[in-house]
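This report concerns only the one structure given below.
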Amino acid sequence: MMPKTIHLSGIRLHWVQVPLHEPFKISNGEVSVKDAILVELSGADGTVGWGEASPMGGSFYSSETPDSTWEFLVCTAVPGLLERPLPAADKCFDWISQFPGEPFAKAGVEGAVWDFWANQAGVPLYQMLGGSRRPVPSGAAIGLMPTIDQLLDRVDTFLRQGYRRIKIKIMPGHDVELVRAVRKRFDDIPLMVDANAAYRLEDAAIFEELDSCGLMMFEQPLGRKALAEHAELQRRLQTPICLDESAEDLESIATAIRLGGAKIINIKVQRMGGLAPAKQAHDAAQAAGIPCWMGTMPELGVASAQALHLATLGNFAFPTDVEASARWFKDDIIEPLIEISGEGFIQLPEGAGMGYKVNMEKVERYRIRFEEFLP
Ligand SMILES: [Mg+2]
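First residue of the sequence shown: 53, per this note's numbering; consecutive thereafter.
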């Protein structure tokens with residue numbers, strides 16, 4: 053893409069922990085801070101590029117942890133990047149794929165390389181990714197609440213903030229009743245459910261019951277590996293099934309499309325290992341006539357902003373899970389913060405790269421570990 057040869061003059065890693073408004077509940081405890089490792093690339097000409105490797109603490113979503121991510125960055129990715137010419141943005145994933153595993157760390161490096169080249173060229177990131185300047189519709193995701201009244205209050209709050217669709221989590225024993233209650237009070241809102249892989253094909257009757265509730269989609273009803281079972285379930289339902297956990301890499305997405313188990317796909321940049329593979333997933337879905345939307349793990353501002361740039365591509369047809377910075381985090385390390393308009397859209401700021409600026413004072417305030425590498 054870029055014919056120039058550039059060697060980096062330095063890479064800095066900043067491990068930050070930003071406090072959450074409320075703890076994430078996980079099977080083995082709670083997480084009250086959001087961990088992220090920021091990757092800062094510097095070129096001799098003063099160009100910088102920022103990326104964010106954003107695994108959740110406590111093995112919440114994945115086997116990768118902040119520690120394993122840090123180790124991969126320090127021992128493998130950073131030395132590798134310093135000793136070779138900087139790869140073109142769309143070639144970085146090919147280079148870093150030679151190393152196994154660690155998609156979060158790879159996404160952090162890869163995002164920084166995209167941001168670097170976009171800053172170098174003085175163009176917005178979405179332009180380099182093939183997207184267009186358009187506001188990105190945002191939806192709110194609501195976890196399992198202690199009571200139905202609290203769930204309804206949450207739905208009400210997020211609708212008032214402008215979010216363009218509501219997603220509620222369901223699990224066996226807490227499904228039809230929740231959806232009915234939300235539908236009774238908010239009869240025509242764009243609504244979907246996320247089962248986080250909690251059901252088996254034998255539970256099909258639950259989804260057959262939910263099928264008449266006018267939902268936008270059923271997100272990941274069955275297990276991560278249950279691609280054929282999702283196809284079987286979809287044959288019994290009108291409501292489209294959206295794969296999330298199953299859409300873990302390009303191979304799984306291709307298989308799911310071939311089997312017919314995905315009418316919609318939730319693409320997550322961190323899980324895919326970067327913007328280029330996430331774009332490839334988007335393109336593969338588009339070629340198969342399958343719309344997708346941009347998910348989140350969720351991430352801090354740098355990774356969220358970069359995902360939003362990619363979400364301007366045409367086949368991202370449903371609202372993103374990327375919410376306002378203030379939704380989860382007591383603070384964020386970018387300026388301006390990500391905000392939702394009253395109509396439920398996120399408008400990317402003008403400017404080169406991701407448009408948002410990293411606030412170094414905040415990075416230093418929330419930083420728990422730092423390392424600088426020189427060639
Ligand atoms: Mg999900």
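Every residue, glycine too, gets a C-beta built ideally from N, C-alpha and C. Every value quoted in this text rests on a predicted model; they were computed, and no experiment measured them.
query: Distance, Ala250 Cα to Met223 Cα; result: 6 Å
query: Residues bridged to Gly227 (per DSSP); result: It should be noted that the sequence gives Asp, not Gly, for residue 227. DSSP output for Asp227 lists no bridge partner at all.
query: C-alpha distance - Pro118 paired with Val91, whole-angstrom precision; result: 13 Å
query: Contact check, Asp373 vs Gly347, beta carbons under 8 Å; result: yes
query: Per-residue burial, His59 [other beta carbons within 10 Å of its own, 16 or more giving buried]; result: exposed
query: Where the beta strand (DSSP E) containing Ile316 begins and where it ends; result: 316-319
query: Residues of its chain near Ile200, where Cβ-Cβ distance is below 6 Å and the 5 sequence neighbours each way are ignored; result: Ala233
query: Cα-Cα separation between Asp227 and Lys315, rounded to whole angstroms; result: 21 Å
query: Burial state of Gln202, where buried means 16 or more other Cβ atoms lie within 10 Å; result: exposed
query: Of the residues Ser94, Gln172, Gln286, the one placed nearest Ala404, counting alpha carbons only; result: Gln172
query: Proximity test, Lys332 beta-carbon vs ligand 1 heavy atom, cut-off 7 Å; result: Looking at the sequence provided, one finds Gln at residue 332 rather than Lys. No, the beta carbon of Gln332 sits no closer than 7 Å to any heavy atom of ligand 1.
query: Whole beta strand (DSSP E) elements within the stretch 76-145, 3-residue minimum; result: 81-95, 100-105
query: 7 Å CB neighbourhood of Leu253 in its chain, flanking five on each side removed; result: Leu274, Glu281, Glu284, Leu285
query: Check whether Gly326 and Glu162 have beta carbons under 8 Å apart; result: yes
query: Endpoints, the alpha helix (DSSP H) within which Lys414 is located; result: 412-418
query: Endpoints, beta strand (DSSP E) assigned at Met244; result: 243-246
query: Pocket of ligand 1 (residues with CB nearer than 7 Å to any heavy atom), chain order; result: Asp246, Asn248, Glu271, Gln272, Asp296, Glu297, Asn318, Gly347
query: Where the beta strand (DSSP E) through Ile509 begins and ends; result: Residue 509 cannot be examined here, being either before or after the span of the chain that is shown, 53 to 427.
query: Residue of Ala257, Val100, Ile386 minimising C-alpha distance to Arg429; result: In the structure displayed, the chain extends from 53 to 427; residue 429 sits before or after that span and is not available.
query: CB of Arg419 within 8 Å of CB of His66, strictly; result: yes
query: The stretch 390-405 contacting the stretch 190-197, beta-carbon criterion three pairs below 8 Å; result: yes
query: Own chain, CB closer than 6 Å to Met54, minus 5 neighbours either side, in chain order; result: Here the model assigns Met54 a pLDDT of 48, short of 50, so the residue's position is not dependable, and the following value carries that caveat. Within the same chain, Met54 has close Cβ partners Ala140, Trp169.
query: DSSP beta-bridge partners of Ile63; result: Leu93, Phe425
query: Between the CA atoms of Cys265 and Pro155 - distance to the nearest angstrom; result: 36 Å
query: Three-state class that DSSP yields for Ser190 in the structure shown; result: strand
query: Beta-carbon spacing of Leu362, Ala336 below 8 Å; result: no
query: Closest Cα partner of Glu413 within the set Arg421, Ile390, Ile386, Pro401; result: Ile386
query: Contact belief for Glu104 with Val354 at Cβ below 8 Å, rounded distance in angstroms; result: 4 Å
query: Residues near Gly62 in its chain [Cβ-Cβ closer than 6 Å; skip 5 each side]; result: Ser94, Leu426
query: Start and end residues, beta strand (DSSP E) containing Ile293; result: 293-295
query: Met346: first and last residue of the uninterrupted beta strand (DSSP E) it sits in; result: 344-346
query: Secondary structure of Thr372, DSSP reduced to three states; result: strand
query: Coarse secondary structure for Val175, derived from DSSP in three states; result: coil
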